[in-house]
Amino acid sequence: MKYNDKTWPVVLGISGASGAIYGREIFDRLLGAGVPLHVVITPTGKGILKAELGLETEYFHKPGVVVHDNSRYDSPIASGSFPTSGMVVAPCSMGCLARIAAGASTDLLERAADVHIKERRPLVLVPRETPLSDIHLENMLRLSRAGVVILPAMPGFTHSPGTFDDLAAFIAGRVLDQLKIPQDFAPRYGGG
Ligand SMILES: Cc1cc2nc3c(=O)[nH]c(=O)nc-3n(C[C@H](O)[C@H](O)[C@H](O)COP(=O)(O)O)c2cc1C
Numbered sequence: 000m001k002y003n004d005k006t007w008p009v010v011l012g013i014s015g016a017s018g019a020i021y022g023r024e025i026f027d028r029l030l031g032a033g034v035p036l037h038v039v040i041t042p043t044g045k046g047i048l049k050a051e052l053g054l055e056t057e058y059f060h061k062p063g064v065v066v067h068d069n070s071r072y073d074s075p076i077a078s079g080s081f082p083t084s085g086m087v088v089a090p091c092s093m094g095c096l097a098r099i100a101a102g103a104s105t106d107l108l109e110r111a112a113d114v115h116i117k118e119r120r121p122l123v124l125v126p127r128e129t130p131l132s133d134i135h136l137e138n139m140l141r142l143s144r145a146g147v148v149i150l151p152a153m154p155g156f157t158h159s160p161g162t163f164d165d166l167a168a169f170i171a172g173r174v175l176d177q178l179k180i181p182q183d184f185a186p187r188y189g190g191g
C-alpha cells in the first residue's frame, strides 16, 4: 500500500529516550509507504540508536530522506513556510517533551515541533518513561490541549506479539494511522 501524497514530507525526530526501535520502525514504515522524510536526531538519540540497535546515523541516509543537523536552525523544517504533512517524535524523552511543552526550543528537533504546533499541523509524540511524575503528566496534558497527539510507547499484547519488532510495528501502525497514512501491517482489533 503506497501513500498518495508525494508532495508534503513527514518530519521524524528521534530524541534521547530508550526505545530507539520505535524510531527505526516508524522510519522504515514511512519510507516503505513512499512518504518523503526529513529526519532529525538529537545527540543522545544517536547514542541510544547505537547502544540499543547498533545503528549509525548513516542508516537514515536513503533516497527520499533528508537528514538534518540538529544543532542548525538554518534548515527548512525550522520554518512554518516549509510545508509538511506532520511530524512524529519517537522515542520522545521527557526532557524533549518538556521543552516542546514550554515552547522553549533548544535545538532543531524542538523548533520543528514548535512549528508544527503553531501551524496547527499534526504532531505525534511517542514518550517513553516510567513511572511518570506529575510534571511529566502535566506537560503531556498541556501538549494534548494544544492539539498534540500523545501516543505512548505502550504496545498492546492482544495480538500475541512474538518479537520486539512486532511490538514496534504495533506503535508504528498507530503513528501512521494518526498521520492518516494508509497502513495494513499493524494489527487491528477484530481484524478490520
Ligand atoms: C542511555 C540513556 C537512556 C535514556 N532513557 C530515557 C528514557 O527512556 N526516557 C527519558 O525521558 N529520558 C531518558 N534519558 C534522558 C534524556 O536523554 C535526557 O533527559 C534529555 O531529555 C536528552 O535530550 P534529548 O531527548 O533532546 O536528546 C536517557 C538518557 C540516556 C543517556
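In numbering that gives the first Met the number 0, the protein residues as written are 0 to 191.
Built from N, CA and C at the ideal position, the CB exists for glycine as well.
Just grab the DSSP bridge partners of residue i for me.
{"i": "P126", "result": "C91"}
{"i": "G85", "result": "V9"}
{"i": "H37", "result": "V10, V65"}
Within its chain, find whatever has a CB closer than 6 angstroms to the CB of residue i; leave out the 5 residues flanking it on each side and keep chain order.
{"i": "E51", "result": "A19"}
{"i": "H115", "result": "M86, L122"}
Starting from residue i, trace the beta strand (DSSP E) in both directions and tell me its first and last residue.
{"i": "I116", "result": "Not the beta strand (DSSP E): I116 falls in the alpha helix (DSSP H), residues 107-117."}
{"i": "L11", "result": "9-13"}
{"i": "H67", "result": "64-67"}
Along the alpha helix (DSSP H) that carries residue i, what are the first and last residues, could you check?
{"i": "L150", "result": "L150 -> no alpha helix (DSSP H), and no H or E assigned at all."}
{"i": "I192", "result": "Only positions 0 to 191 of the chain appear in this structure, which leaves residue 192 out of reach."}
{"i": "L52", "result": "42-52"}
{"i": "I180", "result": "Run containing I180: none; DSSP gives neither H nor E here."}
{"i": "L29", "result": "19-31"}
{"i": "E137", "result": "133-144"}
Using C-beta distances below 7 angstroms, list every residue in its chain close to residue i, excluding the 5 sequence neighbours before and after it, in chain order.
{"i": "H135", "result": "M93, E128"}
{"i": "E201", "result": "Residue 201 is absent from the structure shown; the chain starts at 0 and stops at 191."}
{"i": "K179", "result": "none"}
{"i": "K45", "result": "T56"}
Could you check if residue i belongs to the surroundings of ligand 3, using beta carbon to heavy atom distance under 6 angstroms?
{"i": "S104", "result": "Summarising the ligand content, the structure contains ligand 1 and does not contain ligand 3."}
What is the rounded straight-line gap between the Cα of residue i and the Cα of residue j?
{"i": "V64", "j": "L29", "result": "10 angstroms"}
{"i": "V123", "j": "A167", "result": "15 angstroms"}
{"i": "D113", "j": "S104", "result": "7 angstroms"}
{"i": "C95", "j": "E57", "result": "23 angstroms"}
{"i": "D73", "j": "L107", "result": "9 angstroms"}
{"i": "G189", "j": "R71", "result": "46 angstroms"}
{"i": "G155", "j": "P181", "result": "20 angstroms"}
{"i": "V195", "j": "A32", "result": "Because residue 195 is not part of the residues shown, which for the chain are 0 to 191, the question remains open."}
{"i": "R110", "j": "L11", "result": "13 angstroms"}
{"i": "R187", "j": "S159", "result": "12 angstroms"}
{"i": "W7", "j": "S132", "result": "36 angstroms"}
{"i": "V66", "j": "H37", "result": "6 angstroms"}
{"i": "S84", "j": "F26", "result": "15 angstroms"}
CB-CB under 8 angstroms to residue i, same chain, minus the five flanking residues each way: which ones, in chain order?
{"i": "E24", "result": "D164, A167, A168, I170, A171"}
{"i": "R98", "result": "S104, T105, E109"}
Segment contact flag, the segment 14-23 with the segment 35-50, C-beta cutoff 8 angstroms, min 3 pairs: Two segments are said to touch when three or more pairs of C-beta atoms, one from each, lie closer than 8 angstroms; by this definition the segment 14-23 touches the segment 35-50.
Any 3 or more C-beta pairs closer than 8 angstroms across the segment 169-179 and the segment 143-156: Output reads yes: the segment 143-156 touches the segment 169-179.
Segment contact flag, the segment 113-123 with the segment 82-89, C-beta cutoff 8 angstroms, min 3 pairs: Touching, per the Cβ criterion.
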